[in-house]
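**Q**
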Amino acid sequence: MGACLGICSLLSCASCLCGTAPCLLCGCCPSTKNSTITRLTFSFFLLLGTLVACIMIIPGVENGLKKIPLLCSSSTTFSGSLNCDVMVGHQAVYRMCFALAAFFFLFVILMICVRSSRDPRAIVQNGFWFFKFLILVGITVGAFYIPSGTFTIVWYYFGMVGGFLFILIQLILIVDLAHGWSQSWLQHAENGNSKCWYAALIICTFLLYAASITAIVFLYIYYTNSSECVLNKLFISLNLIFCVIISIISILPKVQDAQPHSGLLQASVITLYTIFVTWSAMANVPDKICNPTLLAIATNTTTASTSTTPAQWWDAPSIVGLAIYIICTLFISLRSSSNRQVNKLMLTEDSSGDTGGPIVESGGENRAYDNEEDSVSYSYSFFHFCLVLASLYIMMTLTNWYLPGYDGSYLTSPWSAVWVKISASWAGLLLYVWTLVAPLILRDRDFS
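According to mature numbering (1 follows the signal peptide of the UniProt record, and there is no 0), the stretch in the sequence shown is residues -16 to -1, 1 to 432, in order.
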């Protein structure tokens, strides 16, 4: 009897692995949307690959592999034994992230123009998870057979473009989060106990601006302490001026009339994120006199002026960038926005239009329900494209945006990484300004 139950359980698990997303929801979990489970599972694949990449770049992993008898060789091929030079370090990160990007790009192509869950391709999107995992593992193994040299340099420039675009996506998500935050608290204030909610808004806005001002002072003190750091002074000053401008625009009477829920809270969140991107750009300045590490700042020592840098990612900007990346990746999967401009930018539907509800089976258990029979709640292709960009962004973050040498033996910190991040901060600020002034310029469109 027990053997029969075990076989039935295995068959049930196998059917879920090959079936649709609702099978992944256990009976003890609350009811949720089919589309949400699918996005969370794909995001789990991305975060799992990120974890593997983080492990591969930890110091000491290569030495540990080399201690295993007959495992490693110093050759550039995989004949006979593994080449540990490409199994760890920045080369391993490049290959792991290449596999992730290739995996998600495959679904970008497959899911073009899927309109509803009635499309046969929607079954592939929402199911067959075991086979998807095998495909990802297969691509990952194949990526480690790619010869070193040209691959890392070419893939670095792909990463530059993808990282730039993902910084913009992060800002869109942060704008959405700030809008939702402000709208929720203002609605609570209108419903009752307004003094407490308005006080909370003011305190949070003040704290965010205080953190931004503190960060700017920090940048001026430690990243402009030499006459050679002219560009650092220019970048910090320009972004400070731009942040002041967007704060003023957000409280203009005409903007407030068009968007009553916009205000200084959103501007303070965008300001703090912009200062973070500026700090991250300063961390890539090749001249180490203008780019001190936190260790050098804490010990009051000067780093030698050189552009050749050891492969490490655990500096403060990279750690903060990794945390923001994880939050934004999960937010992409869970978000259900009522902001129409953000929905248009992210190719998702208005959450207010969702009329679906949980399906309760006869036994009383809540299950996932299909909320996409009439139309998809998000663009499948664009969602996977965001994950492609996320794969490229985390690759650049874990390698500090350093340019690898042709033979992979050294890394350099190029000015191109600085300009990409600074340009992304400017483009992000313009994007935020557009969300404020679009209702004033395009009066024939509904931005309510």
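From the three backbone atoms N, C-alpha and C, an ideal C-beta is built for every residue, glycine too.
Where does residue 423 fall in DSSP's three states?
**A** Residue state, collapsed to three classes: helix.
**Q** Rounded C-beta distance between residue 373 and residue 153? I'm assuming under 8 angstroms.
**A** Between residue 153 and residue 373 the Cβ distance is about 6 angstroms, and since that is below 8 angstroms, they are a contact.
**Q** Taking its Cβ as the centre, do 16 or more other Cβ atoms sit within 10 Å of residue 418, making it buried, or is it exposed?
**A** The residue is exposed, with fewer than 16 neighbouring Cβ atoms inside 10 Å.
**Q** Measuring straight from C-alpha to C-alpha, what distance separates residue 376 and residue 318?
**A** Straight-line Cα distance between these residues: approximately 21 angstroms.
**Q** What are the residues that DSSP puts in a beta bridge with residue 405?
**A** Answer is none; residue 405 lacks a bridge partner.
**Q** At the level of alpha carbons, what is the spacing between residue 159 and residue 253?
**A** Near 8 angstroms, if we compare the C-alpha coordinates of residue 253 and residue 159.
**Q** Report all residues from its chain with a CB closer than 7 angstroms to the CB of residue 216; omit the five preceding and five following residues, and keep chain order.
**A** Correct list, in chain order: 207, 208, 266, 269 and 274.
**Q** Assign residue 175 to one of two classes, buried (16 or more other C-beta atoms within 10 Å of its C-beta) or exposed (fewer than that).
**A** Exposed, by the Cβ-count rule.
**Q** Nearest by alpha-carbon distance to residue 93: which of 211, 249, 367 and 416 is it?
**A** Looking at the Cα atoms, 367 is the closest of the given residues.
**Q** In chain order, what residues of the same chain have a beta carbon less than 6 angstroms from the beta carbon of residue 39, not counting five sequence neighbours either side?
**A** If we look at residue 39 and ignore the five residues flanking it on each side, it has no Cβ neighbours.
**Q** For a quick check, are the C-beta atoms of residue 414 and residue 246 less than 9 angstroms apart?
**A** Contact: no.
**Q** Got a sec? Which residues, its chain only, sit under 7 angstroms from residue 85 by beta carbon, not counting five neighbours each side?
**A** Hits under 7 angstroms: 372, 375 and 376.
**Q** By how many angstroms is the C-alpha of residue 117 removed from the C-alpha of residue 29?
**A** Spanning the two alpha carbons is a distance of roughly 8 angstroms.
**Q** Return the first residue and the last residue of the alpha helix (DSSP H) that residue 174 is part of.
**A** It spans 134 to 175 - the alpha helix (DSSP H) in which residue 174 sits, taken as one unbroken run.
**Q** With DSSP as the reference, label residue 272 as helix, strand or coil.
**A** Three-state result, residue 272: coil.
**Q** Buried or exposed, going by whether 16 or more other CB atoms sit within 10 Å of the CB of residue 238?
**A** Exposed.
**Q** Closer than 7 angstroms by C-beta to residue 294: which residues in its own chain qualify, once you throw out the five before and the five after it? Chain order, please.
**A** Residue placement at residue 294 cannot be trusted, given a pLDDT of 49 that sits under 50; what the coordinates show is reported in the next sentence. Here the set comprises nothing.
**Q** Which term fits residue 383, buried or exposed, when burial requires 16 or more other beta carbons within 10 angstroms of its beta carbon?
**A** Classification of residue 383: buried, given that the 10 Å Cβ count is 16 or more.
**Q** Please classify residue 362: does DSSP put it in a helix, a strand, or coil?
**A** Strand.
**Q** Identify the continuous alpha helix (DSSP H) that holds residue 23 and give its terminal residues.
**A** Note, residue 23: alpha helix (DSSP H), 18 to 40.
**Q** Give the DSSP-derived three-state secondary structure of residue 111 in the structure shown.
**A** Reduced to three states, the DSSP call for residue 111 is strand.
**Q** In three-state DSSP terms, what is residue 223?
**A** Helix at residue 223.
**Q** Identify the continuous alpha helix (DSSP H) that holds residue 97 and give its terminal residues.
**A** No alpha helix (DSSP H) holds residue 97; DSSP gives it neither H nor E.
**Q** Pairs of beta-carbons, one from the stretch 92 to 112 and one from the stretch 120 to 138, closer than 8 angstroms: are there three or more?
**A** The answer is no - the stretch 120 to 138 does not touch the stretch 92 to 112, with fewer than three Cβ pairs under 8 angstroms.
**Q** Starting from residue 195, follow the alpha helix (DSSP H) in both directions and report where the run begins and ends.
**A** It spans 178 to 207 - the alpha helix (DSSP H) in which residue 195 sits, taken as one unbroken run.
**Q** Just how far apart, CA to CA, sit residue 222 and residue 120?
**A** Residue 222 and residue 120: Cα-Cα distance of roughly 43 angstroms.
**Q** Kindly indicate which three-state DSSP category residue 75 falls into: helix, strand or coil?
**A** Helix at residue 75.
**Q** Determine the closest residue to residue 34 out of 182, 124 and 199, with distance taken between C-alpha atoms.
**A** The candidate whose alpha carbon is nearest that of residue 34 is 124.
**Q** Could you pull the start and end residues of the alpha helix (DSSP H) that residue 264 belongs to?
**A** Note, residue 264: alpha helix (DSSP H), 248 to 266.
**Q** Could you tell me the distance, in whole angstroms, from the CA atom of residue 263 to the CA atom of residue 231?
**A** C-alpha separation (whole angstroms): 20 angstroms.
**Q** Of all the options 25, 365, 23 and 137, which has the alpha carbon lying nearest to the alpha carbon of residue 79?
**A** Among 25, 365, 23 and 137, the Cα nearest to that of residue 79 belongs to 137.
**Q** Should residue 122 be labelled buried (16 or more other beta-carbon atoms within 10 Å of its own) or exposed?
**A** Burial call: exposed.
**Q** In the structure shown, what three-state DSSP assignment does residue 418 receive?
**A** Residue 418: helix per DSSP, three-state reduction.
**Q** On a Cα-Cα basis, can you pick out the residue from 364, 226 and 425 that is closest to residue 105?
**A** Taking only the C-alpha atoms, the option nearest residue 105 is 364.
**Q** Taking its Cβ as the centre, do 16 or more other Cβ atoms sit within 10 Å of residue 126, making it buried, or is it exposed?
**A** It is exposed - the Cβ of residue 126 has fewer than 16 other Cβ atoms within 10 Å.
**Q** Short check: CB of residue 188 to CB of residue 249, under 9 angstroms?
**A** Yes. Within cutoff.
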